[in-house]
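Numbering that gives the first Met the number 0 applies: residue 0 is where the sequence shown begins, and numbers increase by one.
Don't be surprised by glycine CBs; every beta carbon is placed ideally from N, CA and C.
Everything numeric in this text was worked out from a predicted model, so none of it was measured.
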Amino acid sequence: MASDPSDFLSNLLEDRILILDGAMGTMVHRYQPTEETYRGEPFKSHPIDLKNAADVLVISQPQMIREIHRQYLEAGADIIETNSFNSNIVSLREFQLDQLTHELNRVAAELARSVADDFTKQNPSKPRFVAGSIGPTKVMLSLNADKPGERPVTFDDMVDSYAEQVRGLLDGGVDLLLPETSFDTLNMKSCLVAIERVFAEQGRRVPVMISGTVFTGGRTLTGQSLEAFWTSLSHYPALSIGLNCALGPAQMRPYVELLSNLSSRFISCYPNAGMPDGMGGFNASADEVAGHIHEFAKNGWVNIVGGCCGTNPDYIRKIVAAVEGLKPHRIPQGNGWSVFCGRERTEIRPDSNFLMVGERTNVTGSRKFARLIKEGQFDDALTVARQQVESGANMLDVNMDEGLLDSEQAMTHFLYLIHDDPDISRVPIMVDSSKFSVLEAGLKCLEGKGVVNSISLKEGEEKFLEQARLIRRYGAAVVVMAFDETGQAVTADHKVSICQRAFKLLTEQVGFLPEDIIFDPNILTIGTGMDEHANYAVEFFEAVKRIKLACPGAKTSGGVSNVSFSFRGNDAVREAVNAVFLYHAIQAGLDMGIVNAGQLEVYEEIDKELLQHVEDVVLNRRPDATERLITLSEKFKSAGKVETVAQIQEWRNGTVEDRLKHALLKGITDYIDVDTEEARQKYGRPLNVIQGPLMAGMSVVGELFGAGKMFLPQVVKSARVMKKSVAYLEPFMEAEKAAKAEGQRLRGEGESQLPSALSPPRTTSSRGKIVLATVKGDVHDIGKNIVGVVLRCNNFEVIDLGVMVSCEKILETAIAEGANVIGLSGLITPSLDEMVHVAKEMERQGFVVPLLIGGATTSAKHTAVKIAPQYGQAVVHVNDASISVPVVESLLDADRKPGFMDKVRSDQDRDRASFADRQARNLVPYADALARRFATDWATVEISTPEFLGVRTLDEFPLAELVPFIDWSPFFSTWELRGKFPAIFEDAVVGSEAKKLYDDARQLLDQIITNRWLIARGAYGFWPANSVGDDIVVQSQISNLKSEAFRFPMLRQQWERQGQKDFRSLADYIAPADSGRQDFIGAFAVTTGFGCDELCVKFDKAHDDYQSIMAKALADRLAEAFAECLHQRVRTEWGYGRSENLSTADLIDEKYRGIRPAFGYPSCPDHTEKRTLFHLLQAEQHTGITLTESFAMWPAASVSGLYFAHPQARYFAVDRITRDQVESYAKRKGMPIEQAERWLAPNLAY
């Protein structure tokens, strides 16, 4: 290999596309390693478990890792990654292995090096390279929603952690370094600083590849856009930048294209094997992944390709063939624009407006901000920053230079708070200080590309260069003051000469790009009465013009308020001076400036007399200019701006139509009765108000929601306003209706005949009538209610029949009401059969209206395979509320419907073909699956004995104790805000609305707890148990199998996936009867749903859908939290969990021993076994929870299941099963096979 690996690799990448290997974890998983595998001989006595600490395998099982490397190289990989993803001090500390950081990395590198060298020797024309894999760790430097303003580790801690890893990798002989899967750019920055530190120590460099991770929507986990991610790291001389993990190639496609157009580096891309399939795998085959990557290569987007999670050598082999002979990406030429970023990117283009830097977050320039910081009121100080952003600031200047402050600590804490606020963190930060230690402290907090304000030549070139190099290392742009060893420049000539000198030093000796250099030619105070100050503004304007010519590409800036300092106390005059100065400075070429973004006067709106006097001073047009302005200024001294309540609520001054529209858009109910009455008086009839201004406003809501500019919680609030307005009008409509009926009676006129859903429906004043229902046997309705709200917001009339609605009731109502559409919803799998039944009945009765299918248990594939064939008319799956409107609109529009249904039916044909193909996948006979059951050494495995046997009850369990156990992420999904809590708050698209929703939820939750509106009840217990075949036998007495009390038949996996060695059943986790060991099983049923129906009725009567849906969503979250809380207690009372020390996040991520599968879910999909569970627990007697005919639990906010304590128990999906297993299962249950097939229909492979 060439002596300079960077040049060698660059030449290769310009010549052809290089292949990176695939997933290490996927390959390790094929070996099904146990705790003993991970430990091996070297870690036999290690004090804590090492399972899943995959990096230790380089020492404990080197032959396994060597073989994986070999397989990838045989598949055609040019570059293999070391097995060192988590081998940094921070991550290894979790396993008490941090002292082995260097050794693990060195050995990982040596293993990969030896295998790669063997292949290079075999074929020198195809050299193989080793990349040192460096993962992101589990901590985040940019975000901490739980404790805003704090971080679990510091930037310096991360640098130290990464540096030790880099030393080990380099000592082991890697060719290049690959920090990857970066979901937090500040973590990546710390890694790059560490890499540079080690390069300096060792006096050598190797190429560095950078790979980030974005999620659906193109943002990192912290919410930073891909454009901002690249901007934040663009300073670093990386070989390549790219994307890996989180997404499959189809989902990654737009982001690979975007990055290839943005970046000035080679591009890498190694996606997952599709998206998770819900069964522990991924949904894209090797051919599919290779097909997408072929397109990327054909389009000229990539230089390095490979695979991430779920991929294996077969994928790499296909990728090699897919890119063979295709030309690599060519790096585009840069445009020379200045770019900065927070979580969003800010550009200064040739056509850009003046960039405003908010000045109020500066303790030297704002008395209010200084007071708040000194008093420790950082949250209130944060409000100042938010106001600057809301007022239009494109960047924030943050300064903590105050004598009584610990400026470094104050800067760090405040910048952490800014990064924890999604509204503020989107803009770049200008870190401002006269102390370089404070500037560096600030730089260690910036996720994005900020600006340092400032450095200068006043201490000479050596100090200037030292500081500039550090700033560049952190990836920031720099402000250079026109200040040198002789002092501050006053004249244009002096200003220009200093800036030219600094420009040459920065570009030639430090490597700064011209566009990352910003010159501040010193805005000095005018109007002081001193002759030497009179021309300061003119000198500044002249300097700006000349600097732009002398230093091409550099930008100019300044602190605008300095110019008017002599007029402090007279806001009107001071703002006029600032405005006039800024106008002429921008004309001269000023690019950006530090201003009070909320108080910029408009040049054209300045009083004409005042403008003339100010211009005289600014442009130094006459010798008495200052004297004349001072005289005039007395006239304006008390003319400052006063913000009144009337201005704050300016919308109240609009027309009644404008006020109603504003109330609908903002969800404001305060004035709705007053405004509705005014509209009624104006429009004459109440129906005219509804069809006029109210529907006009709701149409805007619908358009914004459809365009993704409003989110579901906002739409529900809008619906609340609409409902309250309509409720106000209803008495007037009833009176009008009664008067009309009396008139018809007197004239002898009868009632008109209602139409039928069996024929094309009548025309109504709404856009169409829709009947919605949760089907018989199912009690879950949150999703259905949300769909109803969204449809009503778009002027569809919705008849909501509620829950547990029979087929007869649904169809009778549709006929009686002349429905245009019928919508069915359900959450439990038996509801799927009921939906099939409704579809058959609609066909039998000759319905012609479309049928919509929705709910958590439904899918497009099931709809295509099982429901659509039963009904000859339109059957459409609607997976969330956001698409319900366009679907219904398409179905009810005669022109659009044919094309829309052609697309739907085409997709359904494809789904049916895919299902048929899946049915034919590898399914082993049931007998073979039994023979290859999950094996346990029952002679040695630990079996814990619970501290009691039988049932215990929990009546009115304190709700407050459940709050810490709430997993909030599904709560946001209910409202169709996608993202993981708390990172969702940082999402630039939905973050702000998510925070408002969360605040509303916490407010209602506090009321629920204080007023005891919901009641929590539960029952749980332990019993002796053993397994017999695939049955779990629950005994009434220990060590007496003949004392069988209950029996749970279980199902077993039969679908053979690649590399699968065993086929699991939950029965495998209980000691067999013939093992000689007594085992135990636990069971539970909990609810937080009592009181929920009554609470929702109260909200419904107040026309408050928002609070009604919120109450149900919170009840569901509390029930799941109750299950989590109780499981923690169970592990303690069972004995094996007493030493746990887990955080809330750890509990949500289930980082504990044991599982609690629920009947109806993938490990035990048969809902009917809930009947046995309820008998065992006497659940109805102890908790009040009941089962419906479809085995849904009521109240809906209920959870039940079994507890397993086996050390290796994990969740799995039974998935497809064959008839031989169904026959065995039916026999063991004593159930006719036809009945078993009905309950197991989603799992049948025949």
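query: Given 8 Å as the limit, is there contact between the region 366-383 and the region 318-335, that is, 3 or more CB pairs closer than that?; result: no
query: Answer with buried or exposed for Tyr1245, where buried requires no fewer than 16 other C-beta atoms within 10 angstroms of its C-beta.; result: exposed
query: Determine the contact status of Ser132 and Thr81, defining contact as a CB-CB distance below 7 Å.; result: yes
query: Would Leu1004 and Leu1113 qualify as a contact pair, given that the criterion is a beta-carbon distance under 7 Å?; result: yes
query: In chain order, what residues of the same chain have a beta carbon less than 7 Å from the beta carbon of Gly39, not counting five sequence neighbours either side?; result: Ser59 and Gln60
query: Using CA coordinates, which residue listed in Gln31, Asn352, Ile1080 and Gln487 is at the minimum distance from Gly1058?; result: Gln31
query: According to DSSP, simplified to helix, strand and coil, what is Ser132?; result: strand
query: Spatial neighbours of Glu1253 within its chain, please: CB distance less than 7 Å, with the 5 preceding and 5 following residues excluded, ordered by chain position.; result: Nothing in the structure corresponds to residue 1253, since the chain is present only between 0 and 1245.
query: Where does Arg1152 fall in DSSP's three states?; result: coil
query: What does DSSP give as the partner residue(s) for Phe1089 in the beta ladder?; result: Ile1014
query: Beta-carbon separation of Glu179 and Asn243 under 7 Å?; result: yes
query: In this structure, does DSSP put Asn1242 in helix, strand or coil?; result: helix
query: Sorted by chain position, which residues of the same chain lie with C-beta nearer than 8 Å to Thr555's C-beta, five sequence neighbours on each side aside?; result: Ile517, Phe518, Asp519, Pro520, Val543, Ile546, Lys547, Gly588, Leu589, Asp590 and Met591
query: I'd like the span of the alpha helix (DSSP H) that includes Cys498, first residue to last.; result: Ala491 to Leu504
query: Just to confirm, is the Cβ distance from Ala1024 to Ile1080 under 7 Å?; result: yes
query: Can you tell me whether Met399 is helix, strand or coil according to DSSP?; result: coil
query: Within 10 Å of its beta-carbon, does Arg620 have 16 or more other beta-carbons around it, so buried, or fewer, so exposed?; result: exposed
query: I think Pro426 touches Leu395, with their Cβ atoms under 8 Å apart; what is that distance to the nearest whole Å?; result: Going by the sequence as given, residue 426 is Val instead of Pro. The Cβ separation is near 6 Å, so the contact holds.
query: Kindly provide the ranges of any beta strand (DSSP E) runs that are 3 or more residues long and lie completely inside the region 36-73, ordered along the chain.; result: none
query: Check each candidate in Ile1147, Thr935, Gly1075 and Ala1110 and name the one with the smallest Cα separation from Ser968.; result: Ile1147
query: Is the beta carbon of Tyr71 closer than 7 Å to that of Asp20?; result: yes
query: Please report the straight-line C-alpha distance between Val158 and Ser189, rounded to a whole angstrom.; result: 5 Å
query: Would you call Ile965 buried or exposed, if buried means 16 or more other Cβ atoms sit within 10 Å of its Cβ?; result: buried
query: Whole angstroms is fine: what's the gap from Ser453's alpha carbon to Gly558's?; result: 12 Å
query: Within its chain, find whatever has a CB closer than 8 Å to the CB of Met274; leave out the 5 residues flanking it on each side and keep chain order.; result: Leu246, Gly247, Gln250, Phe281, Asn282 and Ala283
query: With a threshold of 6 Å on Cβ separation, who are the neighbours of Asp1115 within its own chain once the five nearest residues in sequence on each side are excluded?; result: Ala1196
query: Is Lys660 buried or exposed, if buried means 16 or more other CB atoms sit within 10 Å of its CB?; result: buried
query: Run through DSSP, which three-state label would Pro551 get?; result: coil
query: What residue ranges within the region 574-659 form continuous alpha helix (DSSP H) runs of no fewer than 4 residues, ordered along the chain?; result: 607-617, 624-635 and 644-647
query: State the CB to CB distance for the pair Cys340 and Ser231, rounded to an integer number of angstroms; the pair is presumed to be in contact (CB under 8 Å).; result: 6 Å
query: Taking only the alpha-carbon atoms, compute the straight-line gap between Val887 and Val770 and give it to the nearest angstrom.; result: 12 Å
query: Going by the CB atoms, is the gap between Leu11 and Leu303 shorter than 7 Å?; result: A quick correction: the sequence has Ile, not Leu, at residue 303. In this structure, Leu11 does not lie closer than 7 Å to Ile303 by Cβ.
query: Please name the residue in Lys839, Ala162 and Gly486 whose C-alpha comes closest to that of Leu456.; result: Gly486
query: Glu439 to Leu464, Cα distance in whole Å?; result: 15 Å
query: Can you name, in chain order, every residue of its own chain whose Cβ lies under 8 Å from the Cβ of Ser1189, other than the five neighbours on each side?; result: Lys775, Gly776, Asp777, Ile827, Pro829, Ser830, Glu833 and His1166
query: Between which two residues does the beta strand (DSSP E) harbouring Val820 extend?; result: Val820 to Ser824
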